[in-house]
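From first to last, the protein sequence lines are chains A and B.
Take 2 as the starting number for the first sequence in my numbering and just add one per residue.
Take 347 as the starting number for the second sequence in my numbering and just add one per residue.
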Amino acid sequence: MNFTTLKEDLLSVAEEASRVARKRRISEYEIFVSSYSNSQVTIQGGMVNANDGVSEGIGIRVALGGKVGFASATGIGSDSVRFAAEEALSVARTLDEEDKRFYGFAPPRRGGKEGITDKKMLNITGEKLVSETGQIFSCAMDYDRRVVSVTADVTLNYGGFAVANSNGVERITRSIACGGSAEVTVLDGTRRKTGFDFIAERRTPDFSGLGERAARNAVDMLSSESLGDSEKMKTLWEPLTAAQFVDTAFSSSINGRSVVEGRSAFAGKIGTEVGIKELTVIDAGQMPESVATTSIDAEGTPRRDTKVIEDGILKGFLFDNYYAKIYGTGSTGNASRGSFTNPPTISTTTIAIKTGERKKEDIIAETQRGILITGLVMGMGHSNLISGDFSVVAPNPFLIEEGNIKHALEPVTIAGNLYESLKQLTEIGGDPLLTPFAYTPTLTFEGFTVSG
Amino acid sequence: MGAQFVEARLDDLSLRTLIKENEQIKEINIVRRKGVGITTYWDGVVGYSYSARLKKDALRECVRRSVGIARSSGKVARLKMDFERKAARKAALTLKCKKHPRDVPLEDKKEMVDIATDTAKEKGENVSSVLGLYGELSGNKFITNSDDSEICWETVVIDLAVSVTCKDGSGNLMDAADGAGGSFGLERFSKKGKTPEDFGNNAAEWAREKMKAKKAPAGEFRALCDNHLSGVLAHESLGHLSEADFILSGESPLKDKIGERVGSEHVTIIDEGVVNKEMEGFFLPYDDQGTKTQKTLILDKGILESYLHTRATASKLQGQLTGNARAVNFTFTPIPRMKNTYFTPGDMTEEEALETLGTGIYAIRTAGGQANADGSFLFKAVRGYWVENGEKKYPLKDVTLTGNILNFLVNAEGATEDLEIRSGYFGGCGKGGQWPLPVGLGGPKMLFSKVRFGGEMQ
């Protein structure tokens, strides 16, 4: 896969697929072709696992009136193109009922910008990935004598996807991203703790300090004590942890499919108050620095920024072409696919929370009693997105008393409701961080049950 | 190119998904997944590359990338991985089932989804959404390596599920789901308790029950975990932490604990490739390095017996080959993963277990779980009851159960006599970016003297 000729390469596959479709007299079709080079070096406690390959494939949707079929194949050679086209057609023919809500594939629309594309990253060699991973690993291992294990990895991904359809859409988007992470385990007597940190960037990342930060996060936990109680209390979520929370809270509730199909708690609540008045949320599809940013979505519709909540009032949902029609609006450019093997569905891009004033340290200084939640929590992904009930385990929490971090805590459980939480916010911090989950500052909530 | 060992793995699989949402077929998805993965060993370092292009020049490029990245990695490897060469082995295996998904027309699968969703809709109360899912994966895996082994086996897994969302009086949404999956033919869905009607009825009934459910409390309580939830517990508590890469790397608290007690005498955990056909396990006769899968006794009456190995970890730790090298698809290198992991049954009936529970929480069904290298883990129950003096008092909402491997399984007080193992096409296990890998999990109903619940205060 060659990044510089990717545009021509993918569009020529799309063109070949369009020709196959037209030859079979298919008047409505949509082609999705993707190609990504993925290199990853992982050092797990000294063992090296290195993976370097190209993932490519094609997915085709065919519509015979309201009968829509989809099929996909790995690879972008002629046999894959033919397989996907033929199978999609045969699925469409199998259907005995039309989908009366299907009004065709996405119309062509102008606009949509690429995120930052730093072509210098294409010169990062396998050796460089290996030496960077080795550096993160060593720095973490050497940070403290109680470090017993480090897993470090560095990844470099580049490539893109093209979308073409019978309405004249013919677009491609490309991206390059590099990331790294470190997971550290420390042991002191029988006390075992973990720490984590990571970076994901569209520019050549600076990995210095990453290993040390992960190790420090683990070492800090060694002095942990048990909370020894269950109580409703104030919780401060550091930007990374807050991003994980926010990503989960908005993944289904503002998703146009959940709204239309009767599975969103926010359905029918446009124009009403769903959060505190300081809360403004956008789906920032065009944030140049975010690794989630592309010029188009998975149907070829331009990406954009969409207002979700403004001053606490629910303003809008996210749509692809299909659900936008049913809801009676236009696509917000939020069609996405896990990969070429999936037909489009709807997902957020980068949820961005409007930043407040104070940094984490200042908020802590005015907290009488609360819990600071750092790192990643466990079980966020197991939250009930329909009812909004969540119940997570935080492995790296700290107790705050009288304006100070008193000590680290043994793992605590935190439970509450994702959708009610937006009204339980007591402060939105002024220290935003961009992560692949979301763009958010420190968030403070009152009313979750903490137990440990 | 200088590699000491090469292994090629070809996936030739087809995946089909059918999704019906509120009386409309929303998706019929057919995927062909065909590609090759090349593992090379170069001076104790594993290199991996893959390609969906199967022409000679593409394969050569694939081998070059695999060796290239292994060779560049040599200098940072503090732990070199080698393994014993084995005698060549040739094998080809298929799974016998009456109604192989390959031979059943799409219409019949659609009809099952129709029945499940129609039943759920009809029996449900204040239904705001019904979702029906059918999925299948089938095809062949081929492995050949420098030992001249040639292994081919057929993988099949199917799944049928229905979920119902209802609205209660105050407009709050709640949901419940039922279904079954595993390596079997579609004849399984005619079995009593496993028909599309049964799934629709259960989902509707449990959603109705949830409208009356209270929030589970927070803190430590006596607990009875049903068969599904026990399976997730076996998987998350002991399963992951006995995967040998975590042992070698020092991440797992079970390192150097072979022969030590980590559970009470009531806890025996097995990880097995091919389970009894009556169960709903995942059929895994060989792993992704062509090793025949074993019935591995991980925990024997509370004593740690074995880790879960790939060829390289078995050699390094002088363990038995267990056949746990698995990759989610051809774009990944095989790493230690579970097969079908389950608690062995005890001798109580459900009534006896509830009676012995006395006062506490009966936690039922699951939405999965997660484990961490500090030994902590969580597993999520999606239904449950508050029990007083052996009697179910009222239903509970979703709740997280949590603990630490080093002091959790010692609290097991007993198990019921009924064993269930399940797997499926939807969902699966995730590790190192490899998700969703089909695994089986199960057990009897397990009774614990103390479990921390991440519930809410009223």
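Even for Gly, the Cβ is constructed at its ideal location relative to N, Cα and C.
Cβ neighbours of Ile-125 (chain A) within its own chain (closer than 8 Å, five residues either side excluded): Leu-157, Cys-179, Thr-205. With distances taken between CA atoms, Gly-448 (chain A) lies nearest to A:Leu-423 out of A:Phe-438, A:Leu-423, A:Gly-272, A:Ile-429. Of all residues in the region 369 to 398 of chain B, those with a C-beta nearer than 7 Å to a C-beta of chain A are Gln-370, Ile-371, Glu-373, Ile-374, Asn-375, Ile-376, Val-377, Arg-378, Arg-379, Lys-380, Gly-381, Val-391, Val-392, Gly-393, Tyr-394, Ser-395, Tyr-396, Ser-397, Ala-398, reading in chain order. Between the region 493 to 513 of chain B and the region 453 to 473 of chain B there are three or more inter-stretch CB-CB distances shorter than 8 Å, so the stretches are counted as touching. When the beta-carbon positions are compared, Gly-665 (chain B) and Ser-652 (chain B) come within less than 9 Å of each other. By the Cβ neighbour-count rule, Pro-109 (chain A) is exposed, with fewer than 16 other Cβ atoms within 10 Å of its own.
The Cβ-Cβ distance between Asn-335 (chain A) and Leu-315 (chain A) does not fall below 9 Å. Of all residues in the region 37 to 60 of chain A, only Asn-39, Ser-40, Gln-41, Val-42, Thr-43, Ile-44, Gln-45, Gly-46, Gly-47, Met-48, Val-49, Asn-50, Ala-51, Asn-52, Asp-53, Gly-54, Val-55, Ser-56, Glu-57, Gly-58, Gly-60 place a beta-carbon less than 9 Å from a beta-carbon of chain B. Cβ contact annotation for Gly-770 (chain B) (same chain, cutoff 6 Å, sequence separation greater than five): Asp-505, Gly-527, in chain order. The way I'd put it, the region 568 to 576 of chain B does touch the region 785 to 795 of chain B; three or more beta-carbon pairs between them come closer than 8 Å. Using a Cβ-Cβ cut-off of 8 Å, Gly-414 (chain B) is close to Asp-53, Gly-127 of chain A, given in chain order. Using a Cβ-Cβ cut-off of 7 Å, Pro-108 (chain A) is close to nothing in chain B; its nearest Cβ partner there is about 21 Å away. At a Cβ-Cβ threshold of 9 Å, Phe-678 (chain B) and Tyr-480 (chain B) do not count as neighbours. The DSSP-derived three-state label of Val-620 (chain B) is coil. Only those residues of the region 596 to 618 of chain B whose C-beta falls short of 9 Å from the nearest C-beta of chain A are listed: Gly-596, Glu-597, Ser-598, Pro-599, Lys-601.
In terms of beta-carbon proximity, Asp-591 (chain B) lines the interface with chain A, with at least one pair separated by less than 9 Å. For Ser-388 (chain A), the closest of A:Asp-284, A:Val-185, A:Ser-79, A:Ser-254 by C-alpha to C-alpha distance is A:Ser-254. Counting only runs of 3 or more residues that sit fully inside the region 680 to 742 of chain B, the beta strand (DSSP E) segments are 686 to 689, 706 to 717, 722 to 734, 737 to 741, in chain order.
Of all C-beta pairs linking the region 737 to 752 of chain B to the region 375 to 389 of chain A, three or more are shorter than 8 Å, placing the two stretches in contact. According to DSSP, Thr-501 (chain B) shares a beta bridge with B:Gly-485.
Excluding the 5 residues flanking it on each side, Ser-19 (chain A) has same chain C-beta neighbours closer than 8 Å at Tyr-30, Ile-32, Ala-165, Ser-167, in chain order. Comparing alpha-carbon positions, the option among A:Ile-173, A:Thr-351, A:Ala-416 lying closest to Ile-297 (chain A) turns out to be A:Ile-173. Neighbourhood of Val-220 (chain A) in chain B, by CB distance below 8 Å: empty, with the nearest CB roughly 13 Å away. Between the alpha carbons of Thr-236 (chain A) and Gly-161 (chain A) lies a gap of roughly 40 Å. Proximity of chain B to Leu-96 (chain A) at the Cβ level (cut-off 8 Å) is accounted for by Ile-371, Ile-374, in chain order. If you draw a straight line from the Cα of Glu-353 (chain B) to the Cα of Val-413 (chain B), it is about 12 Å long.
Bounds of the alpha helix (DSSP H) holding Cys-408 (chain B) are 402 to 419. With respect to chain B, the C-beta atom of Asn-385 (chain A) has a partner C-beta closer than 9 Å. Non-local C-beta neighbours of Thr-687 (chain B) in its own chain, meaning closer than 6 Å and more than five positions away in sequence, comprise Ala-580, His-581, Gly-585, Asp-617, Leu-787, ordered along the chain. Using a 10 angstroms sphere on the CB of Lys-278 (chain A), the tally of other CB atoms stays under 16, which defines it as exposed. Under a 10 Å Cβ-count criterion, Asn-670 (chain B) is classified as buried, with 16 or more other Cβ atoms of the shown protein chains found around its own Cβ.
Under the three-state reduction of DSSP, Gly-339 (chain A) is assigned to coil, being neither helix nor strand. For the pair Gly-627 (chain B) and Lys-361 (chain A), the Cα-to-Cα distance works out to about 48 Å. Rounded to whole angstroms, Ser-225 (chain A) and Glu-411 (chain A) show a C-alpha spacing of 5 Å. Assigned with DSSP and collapsed to three states, Ala-758 (chain B) falls in strand. By the neighbour-count criterion, in which a residue is buried when 16 or more other Cβ atoms sit within 10 angstroms of its Cβ, Ile-271 (chain A) is exposed.
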